[in-house]
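Trainee: Position 96 (the sequence shown) corresponds to 623 in this note's numbering; numbering is contiguous. We put the CB at the ideal spot given by N, CA and C, even for glycine. Note that the coordinates shown come from a computational prediction; the quantities given were computed from them, not determined experimentally. Starting off with a structure, shown below.
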Amino acid sequence: MIIVIDGPAGSGKSSTAKAVARKMNIEYLDSGALYRAITWLYLEVDQDIDTLFDLLSRVSISFSYTDDVFRVYVNERDVTSKLRTKKVADQVSAIASLPRVRSFVNELMREKVKQGTYIAEGRDLGTAVFTDADLKFFMSANVEERARRRFKELEASGADITFHEVRKNIQDRDRKDTAREADPLKKAPDAIELDTTGMRFDEQVQQICSIIDEQTDLTFK
Ligand code: DC
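Spelled out as structure tokens, the structure:
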């Protein structure tokens, strides 16, 4: 079984999907982390796109979700701590826009999902990767709210960044995610939309769990 949550950067997909996975006792899949791992690999091969494409035909990428951490392994090496660096963040949109990279990631996810019950989050899961998902959600929130949430997180982690910079970064990512040719961010017609502007985190989680409870065989604690 596969449940997907798509939505723009900062809409709260990751934290919500993780909390839902915990409550429903199902697996969690972070598709953005897989694009980040391939971007890390691209940086490792000195940004040579032909070498990257060549490697994609023989590299082994795997992932797991344990103790609230989504881990990604490239040829058995745990690269999780490399995925949130500025270098990766600066290049990931460009790498994720390449159709060859997208089909690699999609295949990886489809194979893994055959082995269990997953809640996966991303941008195109309901529209391109799992078009026949058991349930689809699209989470949104206005730019101000998303920037405010992201700024709070970054501030707490001691990052040296202004609210204005965070808002601009979110707007840039929205533009790149929605304007790209290959599988842009967009709500699937059959996705349930959840505008979380002004909604508390526990309300978001509760709403999603209730819908899953009503519409599937899963029940939550
Ligand atoms: O969710 P995130 O910020 O970790 O995503 C990293 C990048 O990957 C971001 O540029 C959007 C892209 N992405 C994508 O194109 N398709 C997905 N299903 C998930 C993420």
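Between Arg676 and Gly559, is the Cβ-Cβ spacing less than 8 Å?
Mentor: Reading the sequence shown from its first residue, position 149 is the one you call residue 676. Reading the sequence shown from its first residue, position 32 is the one you call residue 559. Not closer than 8 Å, so no.
Trainee: I want to know whether the stretch 601–621 touches the stretch 556–572 - three or more CB-CB distances under 8 Å.
Mentor: The stretch 601–621 makes contact with the stretch 556–572: 3 or more CB pairs, one atom from each, lie closer than 8 Å.
Trainee: Note down the Cα distance separating Ile532 from Thr746, rounded to an integer number of angstroms.
Mentor: Residue numbering aside, residue 532 sits at position 5 when the sequence shown is read from its first letter. Residue numbering aside, residue 746 sits at position 219 when the sequence shown is read from its first letter. Taking the straight line from one Cα to the other gives about 18 Å.
Trainee: Confirm the yes/no value for this check: CB of Asp699, any heavy atom of the ligand DC, distance under 7 Å.
Mentor: Start at 1 with the first residue of the sequence shown, and residue 699 comes out as number 172. No, Cβ of Asp699 sits at least 7 Å from all heavy atoms of the ligand DC.
Trainee: Taking only three categories from DSSP, how would you classify Asp740?
Mentor: Looking up residue 740 in the sequence shown gives position 213. In the structure shown, Asp740 sits in a helix (DSSP, three-state: H, G or I).
Trainee: Between Ile646, Ala544, Ile530, which lies nearest to Asp729 when the distance is taken from Cα to Cα?
Mentor: Counting from one through the sequence shown, the residue named residue 729 turns up at place 202. With distances taken between Cα atoms, Asp729 lies closest to Ala544.
Trainee: Can you give, in chain order, each stretch of the alpha helix (DSSP H) that sits fully within the stretch 565–650 and has at least 4 residues?
Mentor: Fully enclosed alpha helix (DSSP H) runs of 4 or longer: 576–583, 613–623, 626–640.
Trainee: Can we say the stretch 652–665 touches the stretch 716–730, given the rule of at least three CB pairs closer than 8 Å?
Mentor: yes
Trainee: Tell me whether Pro716 is buried or exposed, calling it buried when 16 or more other Cβ atoms sit within 10 Å of its Cβ.
Mentor: Residue 716 sits at position 189 when you count from the first residue of the sequence shown. Per the 10 Å Cβ criterion, exposed.
Trainee: Determine the DSSP secondary structure at Ser542, reduced to helix, strand or coil.
Mentor: Along the sequence shown, one-based indexing puts residue 542 at 15. If DSSP states are grouped into helix, strand and coil, Ser542 belongs with the helices.
Trainee: Considering just the uninterrupted stretch of the beta strand (DSSP E) at Leu662, what are its terminal residues?
Mentor: Looking up residue 662 in the sequence shown gives position 135. 662–667 is the span of the beta strand (DSSP E), which, as asked, contains Leu662.
Trainee: On the three-state DSSP scale, how would you describe Asp717?
Mentor: Here residue 717 refers to the residue found at position 190 of the sequence shown. Reduced to three states, the DSSP call for Asp717 is coil.
Trainee: Going by DSSP, which residues form a beta bridge with Ile530?
Mentor: What you label residue 530 is simply residue 3 of the sequence shown in a count that begins at 1. For Ile530, the pairing in a beta bridge is given by DSSP as Ile646, Leu662.
Trainee: How is Glu554 classed by DSSP in three states: helix, strand or coil?
Mentor: Numbered from 1 along the sequence shown, position 27 holds the residue referred to as residue 554. DSSP places Glu554 in strand when its eight states are reduced to three.
Trainee: What do you reckon, are the CB atoms on Phe631 and Leu583 nearer than 8 Å?
Mentor: Start at 1 with the first residue of the sequence shown, and residue 631 comes out as number 104. Start at 1 with the first residue of the sequence shown, and residue 583 comes out as number 56. The answer is yes: Cβ separation under 8 Å.
Trainee: Measuring alpha carbon to alpha carbon, tell me which of Glu692, Ile553, Asp594 ends up nearest Gln642.
Mentor: Here residue 642 refers to the residue found at position 115 when the sequence shown is read from its first residue. When each option's Cα is compared against that of Gln642, the closest is Ile553.
Trainee: Can you tell me which of Met528, Asn633, Ala536 puts its alpha carbon nearest to the alpha carbon of Asn669?
Mentor: For the purposes of this step, residue 669 is taken as residue 142 along the sequence shown, with counting starting at 1. Among Met528, Asn633, Ala536, the Cα nearest to that of Asn669 is on Ala536.
Trainee: Hey, could you find the ends of the alpha helix (DSSP H) Thr705 is sitting in?
Mentor: In the sequence shown, residue 705 corresponds to position 178, counting from 1. 690–706 is the span of the alpha helix (DSSP H), which, as asked, contains Thr705.
Trainee: State yes or no: is the C-beta of Gly653 nearer than 7 Å to some heavy atom of the ligand DC?
Mentor: As a working mapping, residue 653 is identified with position 126 in the sequence shown. Gly653 Cβ: outside cutoff for every heavy atom of the ligand DC.
Trainee: Thinking C-beta only, is Ser541 closer than 8 Å to Glu764?
Mentor: No answer is possible for residue 764: it lies beyond the span of the chain, which begins at 528 and ends at 748.
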